[in-house]
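Peer 1:
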Amino acid sequence: MLNDPGQWLAFALSGWTTTWPTQLLAIIWILWVISWVVASFWSGQTKKHVMTWESLKYRFPIFAGAILFLPLTGKVLGEKPLWQFGSLGIYVLACLVLAGISFTWWGRIHLGRFWSNAITHKEGHRVIDTGPYGFVRHPIYTGLIAGMLVTGVAVGTVTAMLGAVLISLGMGLKARMEEGFLTAELGADAYGSYCRRVPMLIPFLPRT
Numbered sequence: 037m038l039n040d041p042g043q044w045l046a047f048a049l050s051g052w053t054t055t056w057p058t059q060l061l062a063i064i065w066i067l068w069v070i071s072w073v074v075a076s077f078w079s080g081q082t083k084k085h086v087m088t089w090e091s092l093k094y095r096f097p098i099f100a101g102a103i104l105f106l107p108l109t110g111k112v113l114g115e116k117p118l119w120q121f122g123s124l125g126i127y128v129l130a131c132l133v134l135a136g137i138s139f140t141w142w143g144r145i146h147l148g149r150f151w152s153n154a155i156t157h158k159e160g161h162r163v164i165d166t167g168p169y170g171f172v173r174h175p176i177y178t179g180l181i182a183g184m185l186v187t188g189v190a191v192g193t194v195t196a197m198l199g200a201v202l203i204s205l206g207m208g209l210k211a212r213m214e215e216g217f218l219t220a221e222l223g224a225d226a227y228g229s230y231c232r233r234v235p236m237l238i239p240f241l242p243r244t
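Plus 36 on top of the position in the sequence shown (first one is 1) and you've got the numbering used here.
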């Protein structure tokens, strides 16, 4: 049925990316992934990290969510959106997604060489409580969760929304695991004091 690369590409990009402006949402995320991968080379020396098997607790829901979130999944299942916002609505939601992604980049740039994709203790690591880290303790996760959930709602398919929820759950689990790791590595006094002053993921909520 699919005899040439062009047909495979068209099939892979089917689903909720077949029409504009929902294609804009896919473009935003593709550009974010590319820029994030490139920026991953800008990171300090790792001193200690969480063991791989422990990280499966948050990696599995993120991976499963990503599979469900893919436009191809909805295409294979023959899904139709539960609702449609229209072009103006999608543009507004795309702006919200961009706001979430911008928040991740603010956190990434502000963290500098202390950033890592995995849960690690970098050389010279210390508590960062300025910039976006004065609003939430995990601004990168906050921005990603917000962007994913808004994208899921904008797409309107069950798999996209479920995928966004699973990815968000994985991010939340990763944040919790990171909290324990950093408390042990940086000290309960230093990191515990920060936790009491700044909310975890949602700005202005009671500290947890």
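Idealized CB from N, CA, C, for every residue including glycine.
Note that the structure is a prediction, hence the values are computed from the model and not measured.
1. Taking the alpha carbon of residue 230 as the point to measure from, which residue in 188, 183, 163, 103 has its own alpha carbon closest?
2. Near residue 195, what residues of its chain come up, given a Cβ to Cβ distance below 7 Å and the 5 sequence neighbours on each side ignored?
3. Mind the definition here: the segment 212 to 224 touches the segment 117 to 129 only if three or more C-beta pairs lie below 8 Å; say whether that holds.
4. Quick check: the Cα distance between residue 192 and residue 199, rounded to an integer number of angstroms?
5. Between which two residues does the alpha helix (DSSP H) carrying residue 58 extend?
6. On the three-state DSSP scale, how would you describe residue 141?
7. According to DSSP, is residue 192 part of a helix, a strand, or is it coil?
8. So does the segment 234 to 243 actually touch the segment 121 to 137, counting three or more Cβ pairs closer than 8 Å?
9. Of all the options 53, 179, 185, which has the alpha carbon lying nearest to the alpha carbon of residue 211?
10. Output needed for residue 142: all residues of its chain with C-beta closer than 7 Å, excluding positions within five of it in sequence on either side, in chain order.
11. Quick check: what's the CA-CA separation for residue 173 versus residue 144?
12. So, helix, strand or coil for residue 171, using DSSP?
13. Using only alpha-carbon positions, find the residue among 209, 233, 182 that is nearest to residue 90.
14. Quick one: what does DSSP say residue 116 is sitting in, helix, strand or coil?
15. Going by the beta-carbon positions, is the gap between residue 98 and residue 206 smaller than 8 Å?
Peer 2: Judging by the given coordinates:
1. A check of alpha carbon separations from residue 230 across 188, 183, 163, 103 identifies 163 as the nearest.
2. If we look at residue 195 and ignore the five residues flanking it on each side, its Cβ neighbours are 104, 109, 110, 113, 115.
3. Contact fails between the segment 212 to 224 and the segment 117 to 129, because fewer than three Cβ pairs, one in each stretch, are under 8 Å apart.
4. Each residue's alpha carbon lies about 12 Å from the other.
5. Judged by DSSP secondary structure, residue 58 falls within the alpha helix (DSSP H) whose first and last residues are 58 to 75.
6. It is helical.
7. Coil.
8. No, the segment 234 to 243 is not in contact with the segment 121 to 137.
9. For residue 211, the nearest C-alpha among the options comes from 179.
10. Hits under 7 Å: 167, 168, 175.
11. Answer to the nearest angstrom: the Cα atoms are 12 Å apart.
12. Coil at residue 171, not helix or strand.
13. Across the set 209, 233, 182, the C-alpha of 209 shows the shortest separation from the C-alpha of residue 90.
14. In the three-state reduction of the DSSP assignment, residue 116 falls in the coil class, being assigned neither a helical nor a strand state.
15. Taking 8 Å as the cut-off, the Cβ atoms of residue 98 and residue 206 count as close.
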